[in-house]
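Written out below as structure tokens is the structure these notes cover.
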Amino acid sequence: MSTKTIHVTCSRDYDVLIGSGLLQKAGSLIREVHAPCKVALISDSNVAPLYGRTVGDALQAAGFEPVTFVFPAGEASKTLATYGDILDFCAKERLTRTDLIVALGGGVTGDMAGFAAASYLRGVEYVQMPTTLLSAVDSSVGGKTAVDLPAGKNLAGAFKQPLRVLCDIDTFDTLPEEVFRDGCAECIKYGVLCSPRLLDIFAEGSAREHIAEVVAESVRIKAEYVAGDEFDTGIRRYLNLGHTIGHAIERTANFGLLHGHCVAIGMVAISRAGEALGITKPGTADRLIAICETNGLPVSCSYSTEELLDGALADKKRTGDTIALIIPKRLGECVTHTVPVSELGTILDLGKETSR
Ligand code: GLY
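Residues 1 to 356 (this note's numbering) make up the sequence shown, in order.
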């Protein structure tokens with residue numbers, strides 16, 4: 001299978017390469033965009049044992065000098081402390097401004113290594129090597145880097161675009177099914193925003209068979225939003241479809257539910273509310289429910305409006321007394337609908353299964 005390339009145009013242009021066997025070629029593919037140097041290879045305790053050696057060997061064979069930092073896998077590691085450990089590691093290894101950071105792993109790894117790249121010596125280059133479907137189609141592209149603070153997720157970070165993104169689809173073979181599905185929800189989101197082709201693939205439940213196309217189409221769409229609004233002050237907010245309610249569910253569940261699963265529930269709820277408000281074409285929520293269920297994603301939760309309201313009000317996208325919701329007009333086209341914060345409870349009620 002040939003490698004697909006999606007070009008991202010923003011303050012610094014770069015390519016996202018999607019294909020099979022890219023881990024083994026990581027050295028030569030990075031060599032195309034960076035001279036040999038020391039490389040801080042950042043990974044977690046799940047991914048490093050699987051792929052760390054392969055990538056390290058590939059880097060070495062291409063003339064790089066890799067040194068590896070591994071942290072315990074999981075969102076609990078996405079802290080200022082781990083971020084500080086990465087910076088300390090880079091300093092101890094005497095990385096200079098012409099050296100490189102490579103993030104090998106899922107979203108936690110990419111976000112933290114990216115933030116370290118944005119800040120170490122006031123900025124060094126970095127390469128994203130996502131190993132989950134979710135990070136391949138979302139966090140590895142677009143330059144958002146972050147760590148969590150005790151007050152909330154991703155509250156400290158920077159925009160820092162990578163030098164290149166290498167997405168080896170073979171890494172998805174080792175993902176537990178529910179982690180693969182986690183990424184499917186974000187791909188379905190791109191379908192609901194603007195891709196009938198993605199919706200068709202997910203409607204027939206054939207994402208694994210078409211995985212390279214799914215990733216490439218998702219990244220293509222994300223790249224368009226990033227090109228139009230790199231610093232997230234306008235149209236990039238469309239990428240938050242399903243996220244206002246999804247984040248509220250995540251917070252209420254104390255992050256015990258996977259992000260994509262919450263986004264699936266959020267997309268269904270906002271479609272239902274949109275139908276009730278006359279914004280969304282009738283039948284949209286039902287078709288979306290069928291697509292989510294075909295892909296093993298949940299479509300409802302048992303939290304009350306009161307429980308969800310607190311979480312929804314903490315949304316980073318809220319500006320003052322209003323909240324901008326992204327609502328499907330139909331599958332493949334969405335609109336922004338800004339409501340006073342005081343109306344959010346009504347929207348949450350309208351989004352419930354029982355409201356129909
Ligand atoms: N994850 C949404 C964005 O990158 O803007």
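Where is the CB? At the ideal position from N, CA and C, for every residue including glycine.
Bear in mind the structure is a predicted one, so any value in this text is a computation, not a measurement.
Next on the checklist: Does the beta-carbon of lysine 144, which I'm using as the reference point, lie nearer than 6 Å to any heavy atom of ligand 1?
Outcome noted: Yes; taking the cut-off as 6 Å, the Cβ of lysine 144 has a heavy atom of ligand 1 nearer than that.
Item to check | Residue interval of the alpha helix (DSSP H) (run including isoleucine 188) | outcome: Start and end: 177-194.
Checklist entry - So leucine 297 and histidine 261 are in contact, right, with Cβ under 8 Å, and what is the actual spacing, rounded? => result The beta-carbon distance between leucine 297 and histidine 261, rounded to whole angstroms, is 6 Å. This is short enough to meet the 8 Å contact definition.
Checklist entry - Would valine 70 be called buried (16 or more neighbouring beta carbons within 10 Å of its own) or exposed? => result With 16 or more other Cβ atoms within 10 Å, it is buried.
Next on the checklist: With a threshold of 6 Å (Cβ to nearest heavy atom), would aspartate 148 be considered close to ligand 3?
Outcome noted: With respect to ligand 3, the structure offers nothing, as its ligand set consists of ligand 1.
Item to check | Which residues DSSP lists as bridging leucine 17, in chain order | outcome: Bridge partners of leucine 17: Thr5, Leu166.
Checklist entry - Who are the Cβ neighbours of isoleucine 270 in its own chain at under 8 Å, not counting the five residues just before and after it? => result Close CB contacts of isoleucine 270 within its chain, under the 8 Å cut and outside five residues either way in sequence, are with Leu241, Gly242, Thr244, Ile245, Leu325, Ile326, Ile327, Pro328, Ile347, Gly351 (chain order).
Next on the checklist: When you measure from the CB of leucine 239 to every non-hydrogen atom of ligand 1, does any distance come out below 6 Å?
Outcome noted: Between ligand 1 and leucine 239, a heavy atom-to-CB distance of less than 6 Å is present.
Item to check | Contact between the segment 54-73 and the segment 187-204 (3+ Cβ pairs under 8 Å) | outcome: With the rule of 3 Cβ pairs closer than 8 Å, the segment 54-73 does not count as touching the segment 187-204.
Checklist entry - Start and end of the alpha helix (DSSP H) containing aspartate 321? => result Premise fails: aspartate 321 is in no alpha helix (DSSP H) and is neither H nor E.
Checklist entry - How many Å lie between tyrosine 238 and glutamate 93 at the Cα? => result Cα atoms of tyrosine 238 and glutamate 93: separation of roughly 41 Å, rounded to the nearest angstrom.
Next on the checklist: I need the DSSP call for glutamate 353, collapsed to helix, strand or coil.
Outcome noted: Helix.
Checklist entry - For the alpha helix (DSSP H) that phenylalanine 64 lies in, which residues bound it at each end? => result Bounds of any alpha helix (DSSP H) do not take in phenylalanine 64, whose DSSP letter is neither H nor E.
Item to check | Cβ distance (whole Å) where proline 150 is taken to contact serine 140 below 8 Å | outcome: With a Cβ gap of about 26 Å, proline 150 and serine 140 do not count as contacting.
Item to check | Among Gly105, Asp99, Asp168, nearest to lysine 25 - alpha-carbon criterion | outcome: The shortest C-alpha to C-alpha distance from lysine 25 to any of Gly105, Asp99, Asp168 is the one to Asp168.
Checklist entry - Considering glycine 157, what are the terminal residues of the beta strand (DSSP E) in which it resides? => result Here the beta strand (DSSP E) through glycine 157 covers 152-159.
Checklist entry - Which term fits leucine 155, buried or exposed, when burial requires 16 or more other beta carbons within 10 angstroms of its beta carbon? => result By the 16-neighbour rule on beta-carbons within 10 angstroms, leucine 155 is exposed.
Checklist entry - Roughly how many whole angstroms lie between the Cα atoms of histidine 7 and valine 341? => result Answer to the nearest angstrom: the Cα atoms are 38 Å apart.
Item to check | Own chain, CB closer than 8 Å to serine 2, minus 5 neighbours either side, in chain order | outcome: Within its own chain, the residues whose Cβ lies closer than 8 Å to the Cβ of serine 2, once the five positions on either side in sequence are excluded, are Gly19, listed in chain order.
Next on the checklist: Assuming threonine 373 and glycine 157 are in contact, meaning their beta carbons sit under 8 Å apart, how far apart are those beta carbons, in whole angstroms?
Outcome noted: Any question about residue 373 goes unanswered here, given that the chain covers just 1 to 356.
Next on the checklist: Pop quiz: glutamine 161 and serine 11 are said to be a contact at Cβ under 8 Å. What is the actual Cβ separation, rounded to whole angstroms?
Outcome noted: For a cut-off of 8 Å, the C-beta gap from glutamine 161 to serine 11 is around 7 Å, short enough to register as a contact.
Item to check | Contact the segment 176-184 vs the segment 267-284: 3+ CB pairs below 8 Å | outcome: Verdict: no, contact absent.
Item to check | Inter-residue CB distance, glutamate 75 and valine 47 (contact presumed, cutoff 8 Å) | outcome: About 14 Å separates the two Cβ atoms, so there is no contact after all.
Checklist entry - What separation, rounded to the nearest whole angstrom, lies between the Cα atoms of glutamate 77 and lysine 281? => result Sequence check: residue 77 is serine here, not glutamate. In this structure, the CA atom of serine 77 is about 42 Å from the CA atom of lysine 281.
Next on the checklist: Between valine 102 and valine 137, how many whole angstroms is the CB-CB distance? I'm expecting something under 8 Å.
Outcome noted: The pair is not a contact, with the Cβ atoms about 19 Å apart (cut-off 8 Å).
Next on the checklist: Looking only at its chain, what residues have a beta carbon closer than 7 Å to the beta carbon of threonine 319, apart from the 5 residues adjacent to it on each side?
Outcome noted: Close CB contacts of threonine 319 within its chain, under the 7 Å cut and outside five residues either way in sequence, are absent.
Next on the checklist: Considering only heavy atoms of ligand 1, does any lie closer than 6 Å to the CB of aspartate 111?
Outcome noted: Aspartate 111 has its CB no nearer than 6 Å to any heavy atom of ligand 1.
Checklist entry - So glutamate 250 is in the alpha helix (DSSP H); what residue range does that whole segment cover? => result Note, glutamate 250: alpha helix (DSSP H), 243-252.
Next on the checklist: For glycine 183 and leucine 134, which I take to be in contact (beta-carbon distance under 8 Å), what is that distance rounded to the nearest angstrom?
Outcome noted: The distance from the Cβ of glycine 183 to that of leucine 134 is about 4 Å, consistent with a contact at the 8 Å cut-off.
Item to check | Cβ neighbours of arginine 356 in the same chain (closer than 6 Å, five flanking residues each side left out) | outcome: Note that arginine 356 scores a pLDDT of 47, beneath 50, so its modelled location is shaky; the value from the coordinates is reported in the next line. Within the same chain, arginine 356 has no close Cβ partners at all.
Next on the checklist: Assuming arginine 272 and leucine 331 are in contact, meaning their beta carbons sit under 8 Å apart, how far apart are those beta carbons, in whole angstroms?
Outcome noted: That pair is no contact at about 13 Å.
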